[in-house]
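Here's the structure we're looking at; comments come further down.
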Amino acid sequence: MSLLASIEEVFQSSQVDHADHPTLPGRFSFTNRIIECLLIFSLCHFLSYEGAAMTIPESKIAAQLYIFGGDAVKAGEPLNGYLKVAHDAGYQLVQGWLSYFESEELAVKLDGYLAAHQLSMPCAYAGGGMHTREAGDQAIHTILSQARIASRHGLKIIVHNPDPIGRKKTDEELAIQAQNLNRLGTELSKLGLQLAVHQHDVEMQDGAREWYHILEHTDPAKVFFCLDTHWVLRGKQDPCRLLESAGKRVVDLHLRNSKDGIWMEDFGLGDLDYQKIQAILERIDYQGYYTVELAYDPQTQVTRSLEENLRRSLGFVLNTFR
């Protein structure tokens, strides 16, 4: 029996027939009136949550290691310490760099670090030029050589940001870029991996021209997206519009926020309304990752430890996204 049916049954049983109790001023006694109010309150509370999904599992929330600085790009001893901070802050996942998989030896070392702190790394970041055939060939070769190793060590998604070139890419360069991304996505799929295209603010110029070109000229079955929501905002575009456009092709979100345009020390309430983003995620039945990627502006006021800021950010993700 559903909760709604149970409430109705109890409500019916609480009714009193006035003919059998002529001393009552109406159909219900005072006690029954209280019961009625409690039942109505319970019903409203139930209905307000009946359509909501369960809170996202913590196994879908990652800490991006960018905030730890340049040493985090290498699978060396400092990385081990950074992973401890992520674990102590409550995370089960981290997102680092594909360069960790330059060799089997480095990959095994990474496995040891992750295991020591009860962490997993399903996604890794890689750059590389894609706007010319030569640049694309080189980037694809490097990414695939590392991806072959990474695929044997639990990686699922490669987050890739095609290199900017200091100016707007021409139509021809965008066409070549899309071809290269299709090539890379196809080869990664053969390894059981997904390609997720990342962006910063430069791809948002001219109404997100470059980003939409990738969306419209790549294979939806082979090329997916990692939407960096606040870089969209800094590029003067609406992340909600891009999220709606990409829909189920979004498999990872990079999350941070700002106040008065300045990045906050933790992920929380700020300039970007994540309740609106949550509504879209629920509508498209989002199943991807939520990656907290803290970053500090020169003006950012840092008043807490990085561990505490990561912990607070995790709490905000759990309280905001369902």
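Residue numbers (my numbering): 13 to 334.
Heads up, the beta-carbon is just placed ideally off N, CA and C, and yes, glycines get one too.
Q. Hey, Leu126 and Leu95 are a contact pair by Cβ (cut 8 Å); roughly how many whole angstroms apart?
A. If you number the sequence shown from 1, residue 126 lands on position 114. If you number the sequence shown from 1, residue 95 lands on position 83. About 7 Å separates the Cβ atoms of Leu126 and Leu95, confirming a contact at the 8 Å cut-off.
Q: Find out if the Cβ-Cβ distance for the pair Gln150, Gln107 is shorter than 7 Å.
A: Counted from its first residue, the sequence shown places residue 150 at position 138. Counted from its first residue, the sequence shown places residue 107 at position 95. No.
Q) What is the rounded straight-line gap between the Cα of Ile177 and the Cα of Thr241? A) Sequence index remark: in the sequence shown, residue 177 carries index 165 (1-based). Sequence index remark: in the sequence shown, residue 241 carries index 229 (1-based). Spanning the two alpha carbons is a distance of roughly 22 Å.
Q: Measure the alpha-carbon distance for Gly327 versus Arg316 and round it to whole angstroms.
A: Within the sequence shown, numbered from 1, the residue matching residue 327 stands at position 315. Within the sequence shown, numbered from 1, the residue matching residue 316 stands at position 304. Gly327 and Arg316: Cα-Cα distance of roughly 15 Å.
(Q) If I follow the unbroken beta strand (DSSP E) through Tyr286, where does it start and stop? (A) Within the sequence shown, the letter at position 274 stands for residue 286. Tyr286: not part of any beta strand (DSSP E); member of the alpha helix (DSSP H) spanning 286-295, first to last residue.
Q. With a cut-off of 8 Å, do at least 3 Cβ pairs link the region 246-258 to the region 201-219?
A. Flag = yes, the region 246-258 and the region 201-219 touch.
(Q) I need the straight-line Cα distance from Leu110 to Ala159, nearest angstrom please. (A) Counting from 1 along the sequence shown, the entry for residue 110 is found at position 98. Counting from 1 along the sequence shown, the entry for residue 159 is found at position 147. CA-CA distance, Leu110 to Ala159, rounds to 7 Å.
**Q.** Residue from Leu330, Arg324, Thr303 with nearest C-alpha to Ile169
**A.** To locate residue 169, count along the sequence shown from 1; it is residue 157. The alpha carbon of Ile169 has as its nearest neighbour, out of Leu330, Arg324, Thr303, the alpha carbon of Thr303.
Q. Secondary structure at Glu21, three-state DSSP: helix, strand or coil?
A. Residue numbering aside, residue 21 sits at position 9 when the sequence shown is read from its first letter. Because Glu21 carries a pLDDT of 48, less than 50, the predicted location of this residue cannot be relied on, and the following value inherits that uncertainty. Residue state, collapsed to three classes: helix.
Q | Ordered list of beta strand (DSSP E) runs contained in the region 221-278, each at least 3 residues | A | Taking only runs of at least 3 residues, the beta strand (DSSP E) segments lying wholly in the region 221-278 are 235-240, 262-267.
Q) Given that a residue counts as buried once 16 or more other Cβ atoms are within 10 Å of its Cβ, and exposed if not, what is Asp183? A) Stepping through the sequence shown from its first residue, residue 183 is reached at position 171. Counting Cβ neighbours within 10 Å, Asp183 comes out exposed, since fewer than 16 surround it.
Q | Exposure of Gln189, with buried meaning 16 or more beta-carbon neighbours within 10 Å | A | As a first step, residue 189 is located in the sequence shown; it is residue number 177 there, counting from the start. It is buried - the Cβ of Gln189 has at least 16 other Cβ atoms within 10 Å.
Q. Do the region 221-240 and the region 258-272 meet, that is, are 3 or more Cβ pairs less than 8 Å apart?
A. Segment contact: the region 221-240 against the region 258-272, three or more CB-CB distances shorter than 8 Å; contact assigned.
Q | Enclosing alpha helix (DSSP H) for Ile152 [first to last residue] | A | What you label residue 152 is simply residue 140 of the sequence shown in a count that begins at 1. It spans 145-162 - the alpha helix (DSSP H) in which Ile152 sits, taken as one unbroken run.
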